[in-house]
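Since the structure comes first, as structure tokens, the remarks are kept for the end.
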Amino acid sequence: MQPRCLKEVSQACLSGCCPSPLLGFSEPLNKISKPRSTSATCRQNFAKTTTSSIFPNTHFTNPESLPSLQESFNGFIKVYPQYSDTYQVDQTRAQEYNHLALSNHTCLDYIGIGLFSYAQLQKHDSEKQILPSTSASSPPLPSPPQNMPLPFFFSVSYKTGNLKTQLLHGGQESALESAMKKRIMRFLNVSENDYSMVFTANRTSAFKLLAESYPFKTSRKLLTVYDYESEAVESMINSSEKKGAQVMSAEFSWPRLRIQSARLRKMVEMKSKRKKTKRGLFVFPLHSRMTGARYPYSWMNIANENGWHILIDACALGPKDMDSFGLSLIRPDFLICSFYKIFGENPSGFGCLFVKKSTVPLLEDSVSAGMVSLVPAKKTFRLLDEFSGTDSDFEHLSKLGLQEDELDSSNSFSGPISSQTMHSGRVEQGETSESQTTGTTAKQKVSKTSEIVESGKSAEVMRQENGILEIECRGLDQVDSLGLTRISNRARCLINWMVNALLKLRHPNTGEIPLVRIYGPRVKFDRGPALAFNLFDWKGEKVEAPLVQKLADRSNISLSYGFLHHISFSDEYEEEKATVLEKRVNGAKGTVTNKRKEKAGLGITVVTVALGVLANFEDTYRFWAFIAQFLDADFVEKAKWRYTALNQNTVEV
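Remember, the numbering used here sits 509 above the position in the sequence shown when you count from 1.
So this is what it looks like as structure tokens:
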């Protein structure tokens, strides 16, 4: 039986209340007047106000005791009146992403930046580009099944090549790719005069490509700053070790997982025998995509002053965080980011690797896989006889880059991934899994045959401006219009309310043992919109993270899980170390074979959530209400029994 609070949320969402004040704002609310204060004062008072004003002196020991959605929202807006300034986000969500309300789906597993809106997908499906047949005898082709996933605007085609050559001289670039590059670089405030860029299959491919081309033979060190296990970083480490690199990692102090500054500074300032060459590659993520911990930008200046090449991992940044980064002041040698197609609908996409033009000549020649080309999506539909069949129809395809050699690819993919892949948990957030590839495709030619091609040249997506093709990425446009301040303030309110609300959940009759343990920063003004935590039952035993993720999926809430590592314990916490850390035995990288991997294999498996730019208060409340169900000592067993009784697959860990 669903708790009252979850029932209320479900009913509210199904009744189409997205634009209502319950979820957000269709118009600005009358804000509570407050005195002006300095930024420093706001930072000092933020945590105190949050902890003292949200459910003050209250703990919840029963899922039925939670306040209602409306009551919680009223309290939320009193504590964070500035949230009313973000009502445009709720309007955008209601108008451009109505599938979230219709599906009653809470998406807390998206990392990256969305390119398009769901409204564009709907518009695109209704405006199919049609090409004719010159052969009257050709029979009509059958229409596709209704449940077939539709390609969306472009497909990604794998290619193998020399990264250095591609960066120096480019290649055959379609108008589609050129337009997408320009739009992305404009969005990120990256200058085409200073940086070259290539598309990659995903974040992991970008890291691996760089590692295979970086001159580790002369600049031998690789220093990474990650508090979590990352497939992309492991790929870079494995490739660099094969080239003789010396791998080092920052460590993070228990329990708040702050960077061990003294140790990291010692590694950064370590003297090098080769004074004329760079010491190596310093990989810096700006903030943790799991714990939400933000790291001082000053580390990049320290690394630069000590002769390191700098790689900025921007994949975990918020959609407009690059505006505060200041590329004009801090100019990294390399920058990696990732994009997905549609929030809550299509997580497939691509990665981007930027290289400073002055750094490109230092790279080594290496032929590698991982780069991709963007080609307009192609799909065959029912033949319509009324098309003219003129050459101008095919000129549109040529302009978009549908040349024969570009479509001759060994692998390509487009469209949404399966729900199994989407909710696998271990797939890195915001990345496209290799399992999404559709396999080898036959050589395709643009010829006058009896097929209708969905070229992606929709009025909603592409337009010509002074002879130059431009792509309407409505997802990016919406973020640009909202701006950094509005997006950051909204995320700050939601994530800190979520943290505080989770810490209010206590098991009954046990001396109020907390249900939730949070790793990394708790309530904090400048924390990121990500959270790592675990649940513990009334006996103090951890509920396995994969089980939490699967039960959340049953409630239409998408979470993920990951592995925190490189955790350092002071003498004060030495006894706690044995009970907290676990050893990865069957990890993705196989058996531990050296000291570095043995150390990295010790850590904590955690549940993770991430709040995207479209997240609203109802999303955070639904998540909180779901977590509160674990206060019921029999909740897990009841869930297993329920799905077995319904002849569904049991939830297995």
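For every residue, glycine included, the Cβ atom is placed at its ideal position computed from N, Cα and C.
- Taking C-beta atoms under 8 angstroms as the contact rule, D830 and I845 fail to qualify, at a distance of about 14 angstroms.
- When rounded, the separation of the alpha-carbon atoms in Q629 and R983 is 8 angstroms.
- When the beta-carbon positions are compared, T669 and V876 come within less than 8 angstroms of each other.
- About 14 angstroms separates the beta carbons of F852 and L611, which is beyond the 8 angstroms limit, so they are not a contact pair.
- For S705, the enclosing beta strand (DSSP E) starts and ends at 704-709.
- Less than 8 angstroms divides the Cβ of F761 from the Cβ of D736.
- A straight line joining the alpha-carbon of S997 with that of W1150 spans about 42 angstroms.
- The Cβ atoms of I693 and W1006 lie no closer than 8 angstroms to each other.
- Contact between the region 602-621 and the region 1025-1032 is absent: fewer than 3 CB-CB pairs across the two stretches fall below 8 angstroms.
- For secondary structure counted as the alpha helix (DSSP H) over 4 or more consecutive residues, the region 611-635 holds these complete runs in sequence order: 627-635.
- Within the region 711-795, the complete beta strand (DSSP E) segments at least 3 residues long are 730-733, 755-758, 789-793, listed from N- to C-terminus.
- Straight-line measurement puts the Cα of H1075 at about 28 angstroms from the Cα of A1010.
- Assigned with DSSP and collapsed to three states, L1024 falls in coil, not helix or strand.
- Beta-bridge annotation (DSSP): D822 is paired with I845.
- In the DSSP assignment, no residue is bridged to L1056.
- Beyond the five residues adjoining it in sequence on each side, E873 comes within less than 6 angstroms, by CB distance, of S722, P724 in the same chain, given in chain order.
- Using a Cβ distance threshold of 8 angstroms, Y806 and I839 count as a contacting pair.
- Counting other Cβ atoms within 10 Å of its Cβ, T559 reaches 16 or more and is therefore classed as buried.
- For H678, the number of other beta carbons within 10 angstroms of its own is below 16, and it is reported as exposed.
- Counted as a single uninterrupted DSSP element, the alpha helix (DSSP H) harbouring A812 occupies residues 807-814.
- In the same chain as N1065, and ignoring 5 residues on each side of it, the C-beta atoms closer than 8 angstroms to its own belong to S612, N613, H614, T615, in chain order.
- The alpha-carbon of H608 is positioned some 14 angstroms away from that of F625.
- The DSSP-derived three-state label of F1139 is helix.
- Taking all protein chains shown into account, Q1138 has 16 or more neighbouring C-beta atoms within 10 Å of its C-beta and is therefore buried.
- The three-state secondary structure of R1031, taken from DSSP, is coil.
- Boundaries of the beta strand (DSSP E) harbouring Y1070: 1069-1074, taken from the DSSP string.
- The C-beta distance from A1148 to T800 rounds to 28 angstroms, too long to fall under 8 angstroms, and the pair is not in contact.
- Here R774 is not near I819, since their CB atoms are 8 angstroms or more apart.
- Rounded to the nearest whole angstrom, the C-alpha separation of L1003 and V1089 is 28 angstroms.
- If you check the CB distance, A759 and R712 do not come in under 8 angstroms.
- Residue pairing from DSSP places F863 in a beta bridge opposite M706, L844.
- Looking at the DSSP output, I839 bridges to nothing.
- In terms of Cα proximity to F708, the closest of L991, R695, E686, K1059 is E686.
- M706 is the residue among S1079, M706, L578, F582 whose C-alpha sits nearest the C-alpha of S882.
- In this structure, the beta-carbon distance from C861 to G621 does not fall below 8 angstroms.
- About 5 angstroms separates the Cβ atoms of A1054 and T1114, confirming a contact at the 8 angstroms cut-off.
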